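Peer 1: Right, I'll just put the structure down here and ask away after.
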Amino acid sequence: MKKPKHTPTRSNLWRLTRYARFAVPTLTVGFILTVMTVALDLAGPYVISRMLDNEIIPGIGIRDSRTFLVMILVYAGSQLLSLGSRYGGNVFNQKAANHISATMQEEIFGHVQKMPVSYFDSLAAGTVVSRVTNDTKAVRVFFTTVLSRLLMAGVFAFGILVSLLSLDWRLFLVASISFPILFFLFRDFQRKSLTYSRRYRKGISRLNASLNENIGGMEVIQAFNRERDMYDSYGRINNRVFRNGLGMTRLHAYSGWNATDALNYSMFALALLYFGLGNLRGTNPVPIGSLYLFIDYMLRFFAQMNQAMQHLGNLERARGAADHIFELLDREALNDQGRDPD
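Under numbering that gives the first Met the number 0, the residues of the sequence shown are numbered 0 to 341, in order.
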């Protein structure tokens with residue numbers, strides 16, 4: 000039997016995306032609904048900012064009650080439509096991910112049935128089970144994450160930055176200060192998450208294999224009085240999995256909401272200081288509506304960055320799962336006559 004081809008992780012992740020062809024119509028509808036959700040979410044705060052700047056006059060009140068009422072209705076309508084489009088996008092993306100995952104499970108199981116007996120002699124049964132179940136589950140999370148969460152975060156960030164640039168270039172410059180720091184946080188999180196994720200998934204696979212072998216061979220283990228040895232071996236594997244899982248938890252605690260929230264509030268303090276002094280001195284006056292829009296958009300921007308960073312862990316787990324899946328699929332199976340191709 001030929002040795003499997005070892006393709007790079009990024010190549011395997013690209014191969015994984017090709018399975019999207021099995022759910023193109025569903026994915027297309029999900030993408031359209033995601034873009035609609037972003038547009039509607041950004042429209043609401045923009046309407047409020049225009050009301051503050053143009054429809055409410057200090058010391059007088061509402062400039063035109065009819066226009067004010069129309070803008071309130073537009074705001075309420077955009078929020079209601081956003082709820083519907085977000086729900087529909089999640090449903091279609093989940094449906095597509097489940098369909099792709101089921102297709103992969105059938106393909107992997109069909110390939111396993113054609114593998115020669117020698118393949119199973121050197122591999123624990125629990126490892127094969129992990130490929131068909133756990134790894135395909137990680138793939139389902141990958142499609143859900145990339146197409147629903149990371150995609151929305153990217154579109155959200157683009158829409159917010161374009162809106163700030165068109166509204167006031169000074170607001171855009173203040174917001175852009177956070178880009179290098181965010182880039183560093185993402186790169187650091189991605190690098191460490193990939194290391195922990197690979198070790199964790201390998202540990203889970205070995206844990207399943209050890210458990211399967213111990214349960215299946217319990218009579219032999221008891222006959223030779225090897226219970227303590229098997230217990231210690233299982234404990235060592237379990238401890239390695241625990242340490243890697245703890246490392247991932249610490250990474251999420253540092254790189255998730257804590258780091259981005261600290262950056263977010265630092266940006267608020269800088270913006271309020273700069274534009275507050277400008278208004279007091281009369282050098283850089285900024286309308287209250289524009290300042291409100293900046294704060295609201297930045298809250299949404301960093302919330303999306305938090306979501307994206309949290310789901311980078313799922314992306315790295317999917318990369319590890321893709322390595323395992325294609326390592327199995329790249330192995331030569333028996334031909335139609337039930338013979339080894341070699």
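Where is the CB? At the ideal position from N, CA and C, for every residue including glycine.
The model shown is predicted, which means the values in this text are computed figures rather than measured ones.
Classify THR36: buried if its beta carbon has 16 or more other beta carbons within 10 angstroms, exposed otherwise.
Peer 2: buried
Peer 1: Could you tell me which of PHE157, GLU315, GLU54, GLY277 sits nearest to MET304, measuring between CA atoms?
Peer 2: PHE157
Peer 1: Taking the Cβ atom as the reference point for each residue, do LEU208 and THR126 lie within a distance shorter than 8 Å?
Peer 2: With the sequence shown as reference, residue 208 is identified as Ala, and Leu is not the correct amino acid for it. Taking 8 Å as the Cβ cut-off, ALA208 and THR126 qualify as a contacting pair.
Peer 1: Which of the three DSSP states is assigned to GLY153 in this structure?
Peer 2: helix
Peer 1: Could you tell me which residues DSSP pairs with GLY60 in its beta bridges?
Peer 2: ILE56
Peer 1: Let me check understanding here. Comparing Cα to Cα, which of SER204, LEU166, ARG227 lies closest to TYR296?
Peer 2: Ranking the options by Cα distance to TYR296, first place goes to LEU166.
Peer 1: Evaluate GLY288 with the Cβ neighbour count: other Cβ atoms within 10 Å of its Cβ, from every protein chain shown; 16 or more gives buried, anything less gives exposed.
Peer 2: buried
Peer 1: To which residues of the same chain is LEU327 closer than 6 Å at the C-beta, ignoring the five residues directly before and after it?
Peer 2: ARG130
Peer 1: Would you call PRO44 buried or exposed, if buried means 16 or more other Cβ atoms sit within 10 Å of its Cβ?
Peer 2: buried
Peer 1: Could you give the distance in angstroms between the alpha-carbon of THR259 and the alpha-carbon of GLY58?
Peer 2: Looking at the backbone, the Cα of THR259 and that of GLY58 are separated by about 39 Å.
Peer 1: What would DSSP say about ARG225, mapped onto helix, strand or coil?
Peer 2: coil
Peer 1: Quick one: what does DSSP say MET114 is sitting in, helix, strand or coil?
Peer 2: coil
Peer 1: Return the chain-ordered list of same chain residues with a C-beta closer than 6 Å to the C-beta of THR6, the five sequence neighbours on each side being excluded.
Peer 2: Low confidence applies here, because THR6 scores a pLDDT of 46, under 50, leaving its location unreliable and the question unanswered by this model.
Peer 1: Within its chain, find whatever has a CB closer than 7 Å to the CB of LEU149; leave out the 5 residues flanking it on each side and keep chain order.
Peer 2: ALA307, HIS310
Peer 1: What residues in its chain sit with their C-beta under 6 Å from that of SER81, if we drop five residues either side in the sequence?
Peer 2: Correct list, in chain order: THR36, LEU39, ASP40.
Peer 1: Ordered along the chain, which non-local residues of its own chain (more than five positions away) have a Cβ less than 6 Å from that of PHE141?
Peer 2: Result list for PHE141: ALA317, in chain order.
Peer 1: For LEU32 versus PHE91, is the C-beta spacing smaller than 8 Å?
Peer 2: yes
Peer 1: Are the CB atoms of ILE47 and TYR74 nearer to each other than 8 Å?
Peer 2: yes
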